[in-house]
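Remarks on the structure that follows.
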Amino acid sequence: MWVDSAEALGSDLHLELAGTGSRRAALMAALRDAIRGGRLAPGTRLPPYRSLAADLGLARNTVADAYAELVAEGWLTARQGSGTRVAPRADPPPPSRRADRAKPLKPAKLTQHTKPPGEGGVRRAPARPTEPVHNLLQGRPDAASFPRAAWLASARRALTAAPNEAFGPGDPHGRPELRRALADYLARVRGVRTDAGRIVVCSGYAHALRLLAGTGALRGRAAVEAYGLGFHRSLLAAAGVRTVPLPLDADGARTEELGSHPGVRTVLLTPAHQFPTGGPLHARRRAAAVDWARARGGLVLEDDYDGEFRYDRRPVGAVQGLDPDHVLYVGSVSKSLSPALRLGWMVLPDRLVDEVLAVKGDREGWVSALDQLTLADFIESGGYDRHIRRMRQRYRRRRDQLVAMLAAHAPHIRVSGVAAGLHAVLELPRGTERSAVRAAAWQGLALEGLADYRHPDAEGPHRDGLVVGYATPPDHSFAGALDALCRALPPDLAGPADSADSADSADSAGSADSAGSADSAGSAGPPPPAATRPPAATKPPAARRPPSGSPRAT
Ligand SMILES: Cc1ncc(COP(=O)(O)O)c(C=O)c1O
1 MWVDSAEALG
11 SDLHLELAGT
21 GSRRAALMAA
31 LRDAIRGGRL
41 APGTRLPPYR
51 SLAADLGLAR
61 NTVADAYAEL
71 VAEGWLTARQ
81 GSGTRVAPRA
91 DPPPPSRRAD
101 RAKPLKPAKL
111 TQHTKPPGEG
121 GVRRAPARPT
131 EPVHNLLQGR
141 PDAASFPRAA
151 WLASARRALT
161 AAPNEAFGPG
171 DPHGRPELRR
181 ALADYLARVR
191 GVRTDAGRIV
201 VCSGYAHALR
211 LLAGTGALRG
221 RAAVEAYGLG
231 FHRSLLAAAG
241 VRTVPLPLDA
251 DGARTEELGS
261 HPGVRTVLLT
271 PAHQFPTGGP
281 LHARRRAAAV
291 DWARARGGLV
301 LEDDYDGEFR
311 YDRRPVGAVQ
321 GLDPDHVLYV
331 GSVSKSLSPA
341 LRLGWMVLPD
351 RLVDEVLAVK
361 GDREGWVSAL
371 DQLTLADFIE
381 SGGYDRHIRR
391 MRQRYRRRRD
401 QLVAMLAAHA
411 PHIRVSGVAA
421 GLHAVLELPR
431 GTERSAVRAA
441 AWQGLALEGL
451 ADYRHPDAEG
461 PHRDGLVVGY
471 ATPPDHSFAG
481 ALDALCRALP
491 PDLAGPADSA
501 DSADSADSAG
511 SADSAGSADS
521 AGSAGPPPPA
531 ATRPPAATKP
541 PAARRPPSGS
551 PRAT
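Those letters in the sequence shown? Residues 1 to 554, by full-length UniProt numbering.
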């Protein structure tokens, strides 16, 4: 069949789809043939999925999957903005220093293979791609959903209404318009008790940590959750703050153990949605943290990084509402809008306001006053609420798709934590995390394992798991990312009995001992997929029971 996409291709292309078998496999074989035979020269741009699908009478997903797989095999390359192209014939150069540093794909390991799997090796095939095709790294909202028009409208209104003094050097406290809007918003949505005077605008949680590290509040030692962002721990370490890990269980951080760390006066918590494991902090543990802070003259630092995104019920209010004098609340727009804005807020106990402002300094506003005014308008005009509601629906749908994919194709894998936020943790059978992350890289899928988040001094069992940022990919590539994830998951080796046990246990991975844990799993080397299961899209559900009812995320 002649493909009528000569314009997109820049040359005519004859693709003969052989046989009556899988259309995806036939298309892949035809494209490989065309590349091998030289009819598709290196660098040639392939037609968009849509037009090739229309030309060949195939479903768009079939073409998308075939492209993705050929990218993963190294025959094609895909780059945002320049489409899908035939890969260069020569072996790619060694990974750049930048790629060397890129986590977590360790691209150097991805370039080992010179023969694509399934090929006879008649001639040297292109090496594995160094760039991931799919991205499920946590930490980013769906960039395509940034409310550009509504933000622009707020910016226009804010700029028009701004008093002349707003164009001066700025106030380290933050614009009063934004602080007033935040005080109302946080009280209404998160149950935070504050007035505008106790809010200090900053550029996000990381900035808040840096500022606090410069005050007496965070000096010396601080307790943190045993799993959390290494970046935040490093930031504290660089400021001379030593972190002590608090163990986690199904009820969140064991705050009742705070008293056994005499040098600790501050605890950092993610109460609404433990990061990254996903459980909420139990009411008893919230109360224990506040009681400890009162008794010790200490401080609870509440990181409410994704508190607005709860899908199964109304979000639990902030711990700050229990005791505004002993809980310091921090939020930002990094998950709700975009981390690019660098806009956040601290709600401080009265006694800390002047100290934090002193650390901030007189001449540094840190966040553009115009962006602050825009956010104030965005909140007050209802644009922020509308955006959050829209994103809540979108992320909830994504999470449901992830859970449904697991129920259909990997029922032995459990999603831990509550239905909330922009990421989920998939609990893996013991000892399989490292190979699953490598298998994902082999599928061209960027994501991280739980081991990346574990405090180096944490005691107790390692938990094998994958941290899946389901908000990250744009809509059109989410299904492909889920397929790649499905192909990277370890098979169910335990059998039905064991797998049922683990699904029933509240904290099954947490109760595993550390033998054979993520850290002790196999070393690097050629990256065989952890599972040999074919793509979800082309394979019926795994033989073992698909769950009969609704998805089992807890
Ligand atoms: C655990 C956690 N806390 C806080 C944040 C927000 O960080 P920032 O406000 O510095 O962008 C993130 C990332 O968005 C996070 O993952």
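The C-beta atom is built at its ideal place from N, Cα and C for all residues, glycine as well.
All figures in this text were calculated on a predicted structure; none of them were measured in a lab.
{"Query": "Using the C-alpha atoms, what's the distance from Gly361 back to Ala488?", "Result": "49 Å"}
{"Query": "Rounded to a whole number of angstroms, what is the C-alpha to C-alpha distance between Gln443 and Asp303?", "Result": "34 Å"}
{"Query": "Taking 8 Å as the cut-off, does the region 193–201 touch the region 390–401 (at least 3 CB pairs, one atom from each stretch)?", "Result": "no"}
{"Query": "For Ser499, count neighbouring C-beta atoms within 10 Å of its own C-beta (all shown protein chains included) and say buried if the count is 16 or more, exposed if not.", "Result": "Residue confidence for Ser499 is low, a pLDDT of 38 falling below 50, so the modelled location carries little weight and cannot support an answer."}
{"Query": "Mark Glu69 as exposed unless 16 or more other C-beta atoms lie within 10 angstroms of its C-beta, in which case mark it buried.", "Result": "buried"}
{"Query": "Taking C-alpha atoms, which residue in Ser334, Trp366, Asp251 lies nearest to Arg284?", "Result": "Asp251"}
{"Query": "Within the structure, which residues are defined as neighbours of ligand 1 by a Cβ-heavy atom distance below 6 Å, reported in chain order?", "Result": "Gly139, Gly204, Tyr205, Ala206, Leu229, Thr270, Phe275, Asp303, Tyr305, Ser332, Ser334, Lys335, Pro339, Gly344"}
{"Query": "Which same chain residues, not among the five before or five after Leu211, have their C-beta less than 7 Å away from its C-beta?", "Result": "Cys202, Val356, Val359, Lys360"}
{"Query": "When you compare each of Ala484, Thr215, His423, Leu341 to residue 559 by their alpha carbons, which one comes out closest?", "Result": "Residue 559 is absent from the structure shown; the chain starts at 1 and stops at 554."}
{"Query": "DSSP state of Leu301, grouped into three classes?", "Result": "strand"}
{"Query": "Determine, using beta-carbon pairs with one atom in the region 443–463 and one in the region 376–393, whether at least three such pairs fall under 8 Å.", "Result": "no"}
{"Query": "My guess is that Val189 and Glu308 are in contact by the Cβ rule of under 8 Å, so how many angstroms apart are they, rounded?", "Result": "6 Å"}
{"Query": "Grab me the residues of Asp184's own chain with a C-beta within less than 6 Å of its C-beta, minus the 5 sequence neighbours each way, in chain order.", "Result": "none"}
{"Query": "For the 8 Å Cβ check, are there 3 or more pairs between the region 262–275 and the region 234–253?", "Result": "yes"}
{"Query": "Please report the straight-line C-alpha distance between Tyr205 and Gly168, rounded to a whole angstrom.", "Result": "26 Å"}
{"Query": "Quick one: does the C-beta of Ala289 sit closer than 7 Å to a heavy atom of ligand 2?", "Result": "Here the bound small molecules are ligand 1; ligand 2 is not part of this structure."}
{"Query": "I need the DSSP call for Arg23, collapsed to helix, strand or coil.", "Result": "helix"}
{"Query": "Skipping 5 residues on each side, what residues in its chain have a beta carbon closer than 8 Å to that of Asp325?", "Result": "Pro349, Asp350, Arg351"}
{"Query": "Could you tell me whether any Cβ in chain B is nearer than 8 Å to the Cβ of Ala410?", "Result": "Structure shown: chain B not included; a single protein chain is present."}
{"Query": "Along the alpha helix (DSSP H) that carries Pro176, what are the first and last residues, could you check?", "Result": "176–190"}
{"Query": "On the CB-based measure, 16 or more other CB atoms within 10 Å of its CB, does Ala144 come out buried or exposed?", "Result": "exposed"}
{"Query": "For the structure I just gave you, are there three or more beta carbon pairs, one from the region 158–172 and one from the region 366–377, closer than 8 Å?", "Result": "yes"}
{"Query": "Can you tell me which of the three DSSP states Pro339 falls into?", "Result": "helix"}
{"Query": "Taking 8 Å as the cut-off, decide whether the C-beta atoms of Tyr329 and Val192 are in contact.", "Result": "yes"}
{"Query": "Determine the direct distance from the alpha carbon of Leu301 to that of Asp195, and round the result to whole angstroms.", "Result": "18 Å"}
{"Query": "One question on the structure: do Gly449 and Gly431 come within less than 8 Å of each other, judged by their Cβ atoms?", "Result": "no"}
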